[in-house]
Each structure stands twice: as structure tokens, then as C-alpha cells.
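Notes follow once the structure below has been shown.
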Amino acid sequence: MSARPDYLVLVPPSLERTAALFRAMALAKQSGARLMLALFEHDATLAKLQTRGFDLPAYLDGRRHELEQFASHLRREGFTVEASLHWGTPTTKYILAEVERLAPELVIKDVHVEPLVRRLLLTGQDFELLRRCPAPLMLVRSGSHNLPTQMLAAVDPLNEHLRPDGLNARILEAAEKYGMLCGATVDVVNVLEPVPLKAGSAYGFLIEEYRREHEQALRQLGAEYGVEERHLYMLAGFAVDVLADFALTRKVDLILMGTVSRSWTERLEMGSVAEKLFRHLDCDVLAVKSDVSA
């Protein structure tokens with residue numbers, strides 16, 4: 001593959017066709033995108049056995065052959081595919097390094113769902129990738145449709161100082177691109193969080209003015225990106241709750257959100273709306289990250 005891949009797909013050690021791979025295949029079929037299948041492995045036991053004579057290089061050669069055979073089946077189906085094996089720990093470090101090296105349009109990864117509560121079951125690695133992955137990251141649930149049909153883009157037009165480097169623009173550009181690619185309906189939502197003032201207080205008019213400003217900003221943002229007003233929604237409440245409920249009601253199968261890098265102390269103290277929301281969702285996620293740390 002002479003050019004950089006369009007999609008970097010993180011494949012499981014089992015080398016099975018999972019939901020993430022089916023999503024990548026479906027998108028590639030629509031767009032002609034190039035795929036890179038990347039397998040990141042490390043086994044502490046095998047690493048220790050190497051000191052006792054275990055032929056680790058031969059083992060890795062065998063795994064590369066298995067991965068190449070796996071990729072060859074996709075090539076026979078008409079896809080442009082390369083494959084790469086990476087050995088080392090922590091695997092997240094190697095994933096991020098490969099994303100930096102390849103600069104793909106999209107990284108696609110499987111994520112599991114907690115069956116009893118039907119929520120995304122994200123690992124520590126998933127959250128670390130959400131925080132640090134420089135490329136858009138799509139987390140795909142097992143059992144997801146090959147292509148989403150109902151998308152939701154969460155924006156915050158009046159808080160650009162908290163969303164550096166035009167993050168709203170990045171979210172809506174991605175929504176437009178993948179919405180058209182998938183033939184999906186795209187709704188755009190802004191959440192108006194509660195203001196610590198009673199409506200009947202002397203400052204009640206400020207709340208109404210605050211609401212009108214948000215509505216106007218959302219309409220302006222929608223007009224700028226060609227989103228019809230019937231697909232613009234202003235929701236009131238705490239973002240985590242109302243977005244999760246809205247996604248469930250609208251049967252959303254992919255939500256697009258922005259994430260901003262934070263220091264570990266900031267995450268410890270306050271976390272992020274995106275990370276809290278991901279714990280309550282029952283749909284796929286496309287995380288778009290700013291170039292600038294907050």
C-alpha cells in the first residue's frame with residue numbers, strides 16, 4: 001500500500017471478523033477506502049519464556065503469517081488491505097505511535113456492551129484512546145449494523161473557548177461526511193445545562209435570554225453546515241442524562257462527540273462529559289478530537 005491507509009482497524013488476537021471490521025468493510029465498500037489491519041499483542045508469559053529458550057521471533061513470524069492470510073481473504077473480496085503486527089507493552093503506547101505514523105482518516109475499534117444494563121463496557125485502553133488518539137476514533141459495538149442509519153452529533157456552539165480549534169466544525173464535518181457515506185439521518189443536538197437560578201427569581205429573565213442565545217447559536221451553526229431546522233434539537237438538562245435518553249428515544253446507532261485532552265489531575269477532579277456519557281450509551285461512538293489540549 002503505497003499511500004497511507006484511510007482506515008486503521010484494530011483487529012483482535014482471535015483474527016475473527018468482528019463488528020469493527022464489518023463496519024470498516026462497509027465504509028470501504030462505499031468509499032473505496034484503503035484498510036490497514038493492525039494487531040497489537042504482548043504476552044508476559046511468552047516474553048519470560050524467551051529467556052528460557054522459547055523462539056519468540058519464530059512465534060511472531062507465525063502470527064504475521066496468520067494475519068497476512070486473514071488479510072488476503074479480504075483482498076480476494078476486492079478490498080485494498082495491508083496488515084501489520086506489533087509486539088510490545090503497553091499496547092496503547094504502540095497503538096498511538098502507529099496512529100501518529102500512519103495519520104489515518106479514521107481508527108476503528110471494537111467495544112463491548114454490558115448485557116444486563118445494555119451500556120458500553122469500555123476498557124482503560126478505550127478511555128486512554130478517547131483522550132489521546134489524534135485521529136477520529138470509532139468504537140463499534142458487537143451486533144451493530146454494518147452501516148449506521150441514525151446519527152447524532154452533539155455540539156456546543158456557545159462554548160468555543162472550551163472547544164478549541166473549531167471542534168464543533170470538526171464534529172459537523174465528520175457528521176456530514178459519514179452521514180452521506182452511510183445514507184444515514186443526522187440530528188444535531190445542543191444541551192442547555194441547568195442554571196442555578198429559579199425561574200421565578202428576579203434573574204429569571206436571564207435564564208430565558210440564555211436559552212434564546214443558545215437556540216440562535218444552534219440555528220446559525222446549522223445554517224452554516226446545511227442542517228435543516230427539523231434536525232436541530234435544543235435539549236434541557238444535564239448532558240449525560242439527556243443525551244443518553246435522546247439517543248435511546250431516537251434509536252441512534254452512532255453518536256459523534258468531541259473530546260478535549262486534559263491532564264490527569266483535571267480528569268481526576270472533574271472527568272469529562274464525553275467519558276461520563278460513554279458509560280451510559282447503548283450505541284456506537286465516533287470521537288473527534290481537537291488538536292489543542294484544554
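The sequence shown begins at 1 in our numbering and counts up by one. For glycine and all other residues, C-beta sits at the position ideal for the given N, C-alpha and C.
Selected residue, minimal CA-CA separation from residue i, among the options
i      : options                       : result
ARG279 : HIS231, ARG52, VAL107, HIS112 : HIS112
ILE171 : GLY222, VAL155, ILE95, ASP43  : VAL155
ARG141 : HIS73, LYS109, ARG4           : LYS109
VAL99  : ARG4, GLU193, LYS48, LYS29    : ARG4
THR92  : PRO194, ALA184, ASP126        : ASP126
ARG211 : MET234, GLN220, GLU224        : MET234
LEU158 : ALA47, ASP282, ALA217, LEU129 : ALA217
LEU78  : GLY88, LEU35, THR45, TRP87    : Checking the sequence, you will find Gly at residue 78 rather than Leu. That would be LEU35, whose Cα lies nearest to the Cα of GLY78.
TYR94  : THR249, ARG132, ARG250        : ARG132
LEU85  : ALA175, ARG250, LEU221, PRO13 : PRO13
Pair within 8 Å by beta-carbon distance, residue i and residue j
i      : j      : result
GLY258 : VAL191 : no
VAL285 : HIS231 : no
ILE8   : ALA38  : The identity of residue 8 in the sequence shown is Leu, whereas the question assumes Ile. Yes, the pair counts as a contact, with Cβ atoms nearer than the cut-off.
ALA184 : LEU256 : no
GLU208 : ALA239 : no
ASN168 : ALA26  : no
GLU82  : ALA71  : yes
ASP6   : ALA33  : yes
LEU129 : TRP87  : no
GLY179 : ALA19  : no
Which residues DSSP lists as bridging residue i, in chain order
i      : result
GLU41  : TRP87
GLN150 : THR185
LEU121 : HIS112
TYR7   : LEU35, LEU106
MET234 : ASN190
GLU82  : MET36
VAL140 : ASP110
MET25  : Bridge partners of MET25: none, in fact.
VAL285 : LEU139, ILE255
VAL155 : ASN190
Burial state of residue i, where buried means 16 or more other Cβ atoms lie within 10 Å
i      : result
HIS42  : exposed
MET151 : buried
LYS289 : buried
VAL11  : buried
ALA103 : exposed
PRO90  : exposed
LEU162 : Here the model assigns LEU162 a pLDDT of 45, short of 50, so the residue's position is not dependable, and the following value carries that caveat. LEU162 is exposed by the Cβ-count criterion.
ARG23  : buried
ASP245 : exposed
Interface flag, residue i vs chain B, CB-CB below 8 Å
i    : result
VAL9 : Absent from the structure: chain B. Only one protein chain is present.
Would you be able to state if there are at least three C-beta pairs under 8 Å between the segment 47 to 58 and the segment 67 to 85?
Segments in contact, no.
Stretch-stretch touch, CB-based, cutoff 8 Å, three pairs: the segment 92 to 108 with the segment 130 to 146
They touch, by the three-pair rule.
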